[in-house]
Amino acid sequence: MVAHGVVQGQLSKVDRPRGVSLTKKVFYDPNRDFVCFDGSRTIPYPQVNDDYCDCNDGSDEPGTSACPNGQFHCTNAGYRPLNIPSSRVNDGICDCCDGSDEWKNEGLCINTCKELWKAAREDLQKQAAAASRGVQVRKEYSDRGIALKNENQKKLDTMKTEIEEIKQLEEEIKVRKEEAESAENAAKDTERTAWNDFKSRVQKQQESRKAADAFTELDSNKDGSVSVEEMRSHVELDTNSDGSFTDDEIKALLGGDSAEAPYFIENSWKLIAGKYVSRPSEPVQEPEHPVVDAQEEHHDDDHEDDYDDDEEDEDYPEEDDDLDEGYEDDLEEEEDRELKAQLEQEELKKEETESDQKQEEEPAEVIPEINLPSEPVWTDNTKELIATAEKARQQFDEQQKRKKDLEREILSLERKLNMDFGEDQSYQELHGKCFDMDTHEYTYRLCPFDKAVQKPKGGASETSLGRWGSWSGPESNKYSAMKYTGGLKCWNGPDRSTEVRISCGDENKLLSVSEPSRCEYRFEFVTPAACETIHVPDKPHDEL
Ligand code: MAN
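This is the structure:
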């Protein structure tokens with residue numbers, strides 16, 4: 028269609044229109060009309076590089092400055108290709124090292140591509156040398172990382188087998204424990220039931236005894252009944268607590284004008300037991316009572332004339348004894364004997380365990396006022412069952428503790444094994460380590476895979492700038508950045524967070540810290556773990 032070189036902008040030293048890269052050459056076919064890259068127009072080929080902008084995207088003028096948004100491609104043979112805005116074409120400034128952007132200004136630019144290549148190559152050689160040191164260290168990191176991972180994996184496998192065994196053993200120990208405990212409980216229940224029966228009988232007995240004592244005490248004229256008169260001095264029994272203990276109140280307590288022993292013990296005592304204050308030493312106020320002399324005579328005969336609490340029955344006049352006979356007989360001859368026998372047994376058991384505190388047995392007639400322990404003294408057989416169950420419980424607890432400890436270890440190991448330390452495990456080396464950097468105001472600390480913090484130099488407590496989140500580099504270079512998130516909330520702002528940019532260095536070092544936007548920090552960290560071998564090409568890769 029159109030011959031080459033008709034339009035000045037089309038001229039180029041290479042076999043394509045001026046300002047066009049090798050990859051785009053295919054779109055500029057002199058034998059066809061040109062289609063703008065955005066598809067908006069199709070123009071005759073001679074309108075390409077005719078110094079008039081036809082396409083909105085500037086694609087028809089790659090070699091002139093006609094389109095404001097065009098791009099000029101410098102081939103830069105001997106160095107490296109470069110794209111510049113087409114506005115720089117023929118602006119009197121050499122942008123391309125081959126001078127191709129100033130094609131109108133002949134002689135303006137000298138070709139510096141060779142020198143640039145030389146300098147770039149030297150620079151690359153230096154970088155390659157530094158990287159190769161890092162690469163060596165990285166290899167060591169990697170070897171250690173892989174070894175540790177394998178070791179941890181083995182440890183984990185062993186622990187998993189072990190936990191299965193522990194669980195099985197725990198089951199067996201549990202069964203043993205449950206058997207031992209059921210035997211223990213059965214034995215204890217039997218003895219406890221007997222003991223509780225015994226205790227309640229003793230308590231009932233003691234209560235009856237107290238009631239009988241109170242009756243004896245209140246019946247000051249010893250006529251076998253407690254009268255209103257005999258109750259009057261016990262003002263503590265004032266039923267409605269109004270300060271006057273009236274006859275009506277007393278009668279209500281006695282169930283009439285007076286109460287005989289059985290009624291008093293069964294009914295009255297229950298109403299007054301909580302309030303009644305014993306006054307045993309009160310002398311009998313009725314000297315005209317005939318029984319007193321008789322009693323004294325009787326005592327003289329028996330040489331037992333002293334008032335004796337324990338043997339109060341002896342103080343009763345004969346006729347009074349008759350009155351109380353049925354009740355007293357019940358207490359002392361039947362229940363007393365049975366209760367005494369059991370008490371003696373319990374006391375004997377106690378003495379066996381507390382041999383140094385041997386106590387004298389009480390006389391058979393009297394139930395001693397003792398504070399009965401809530402649990403019985405176990406028989407030897409039960410003691411043995413308790414000891415066996417206790418041992419089984421201990422074994423079970425120990426086994427459970429062992430299991431929990433192991434489970435915790437397994438979890439922590441699994442967490443470690445699941446961490447991404449890079450394909451060659453080289454970043455494992457940084458796990459568990461921390462790196463500091465001081466600025467004027469703060470000390471910054473990076474603990475890879477753990478946290479980033481800021482500590483004011485004044486000694487105030489540290490501020491969290493985030494906890495380990497994830498690798499955050501681009502897909503092509505995932506391990507070039509890390510993200511730490513969820514740090515201390517910024518006043519009126521976001522939670523603090525940190526991006527750590529990682530590059531190759533021959534040692535691990537926190538190089539710099541910045542806060543590009545408030546409470547969003549950026550750390551620059553170098554490490555051999557990021558080093559890769561740099562290949563220095565012998566000659567530039569030209570697209571010619
Ligand atoms: C502290 C530091 C700063 C941060 C401000 C925000 O002074 O953590 O880095 O910018 O708080 O209030």
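So the sequence shown is residues 28 to 571, counted in my numbering. Glycine is no exception: its CB is placed at the ideal position from the N, C-alpha and C atoms. The structure presented is a predicted model; accordingly, all values stated were derived computationally and were not measured.
### Query
Who sits around the ligand MAN, taking every residue whose Cβ is closer than 6 Å to one of its heavy atoms?
Q481, T490, C517, W518, E542, R545 and C546
>> Distance check for D451 and G172, CA to CA, integer angstroms please.
In response: 8 Å
* Which runs of the beta strand (DSSP E) fall wholly inside the region 105-191 and span at least 3 residues, in chain order? -> 109-112
Margin query: Could you give the first and the last residue of the continuous alpha helix (DSSP H) run that contains N414?
Written below: The question names Asn, but residue 414 in the sequence shown is Ala. Segment D407 to L444, the alpha helix (DSSP H) holding A414.
- Message: When you compare the region 247-264 with the region 279-291, are there three or more beta-carbon pairs, one atom per stretch, that lie closer than 8 Å?
- Response: yes
Legend entry - N-terminal and C-terminal residue of the alpha helix (DSSP H) that E256 is part of: V255 to M258
In the DSSP assignment, find the beta strand (DSSP E) that holds I529 and state where it starts and stops.
S524 to C531
Original post:
In whole angstroms, what separates the C-alpha of H316 from that of D246?
Top reply: Note on H316: pLDDT 39, under 50, position unreliable in the model; no value is reported.
Here's a check: name, in chain order, each residue in its chain whose Cβ is nearer than 8 Å to the Cβ of W495, leaving out the five neighbours to either side.
P475, F476, D477, K478, M509 and Y511
>> Going residue by residue through the region 220-254, where are the continuous beta strand (DSSP E) segments of at least 3 residues, counting only ones entirely within it?
In response: 252-254
Where the beta strand (DSSP E) containing A286 begins and where it ends: S285 to E287
- Task: Look at the alpha carbon of A93 and the alpha carbon of Q154, and state the distance between them as a whole number of angstroms.
- Result: 41 Å
Give me, in chain order, the residues of the same chain whose beta-carbon lies closer than 8 Å to that of K443; leave out the 5 immediate sequence neighbours on both sides. N179 and H458
Inset, instruction - Run the CB neighbour count on P400, radius 10 Å, all protein chains shown included, and call it buried at 16 or more, exposed below. - result: exposed
### Message
Does K145 pass the burial test, meaning 16 or more other C-beta atoms within 10 Å, or should it be called exposed?
### Response
exposed
- Message: What does DSSP give as the partner residue(s) for L537 in the beta ladder?
- Response: F552
Is it the case that the Cβ atoms of D572 and C140 are separated by a distance below 7 Å?
Missing from the structure shown is residue 572; the chain here goes from 28 to 571 and no further.
Smallest Cα separation from P57: which of S48, D65, S67 and V75? V75
Which residue's Cα is closest to the Cα of Y106: Y55, I120, L143 and L412?
-> L143
Specify, as a first and last residue, the run of the alpha helix (DSSP H) that K510 falls within.
Here K510 belongs to no alpha helix (DSSP H); instead the beta strand (DSSP E) covers A508 to T512.
*asked:* Can you check which of these residues, T220, G85 and L264, is closest to G301 by C-alpha distance?
replied: L264
- Item | Beta bridge counterpart(s) of F272 as assigned by DSSP | BP columns for F272 are empty, so no partner.
Exercise. Does the separation of the CB atoms of L109 and N117 fall below 7 Å?
Worked result: no
Q. Relative to the alpha-carbon of A416, which residue among A207, D407, S503 and V563 has its alpha-carbon at the smallest distance?
A. A207
Practice problem: Put K278 into one of helix, strand or coil per three-state DSSP. | Solution: helix
Item checked: Cα-Cα separation, N504 to E192 -> 45 Å
Give a yes or no on whether the minimum CB-CB distance between K204 and chain C is below 7 Å. Among the chains in the structure shown there is no chain C, since it carries only a single protein chain.
With a 10 Å radius around its C-beta and 16 neighbouring C-beta atoms as the bar for buried, classify S285 as buried or exposed. buried
For S86, which residues of its own chain have a beta-carbon under 7 Å away from its beta-carbon, when the five flanking residues on both sides are left out?
C63 and F64
Is W518 buried or exposed, if buried means 16 or more other CB atoms sit within 10 Å of its CB? exposed
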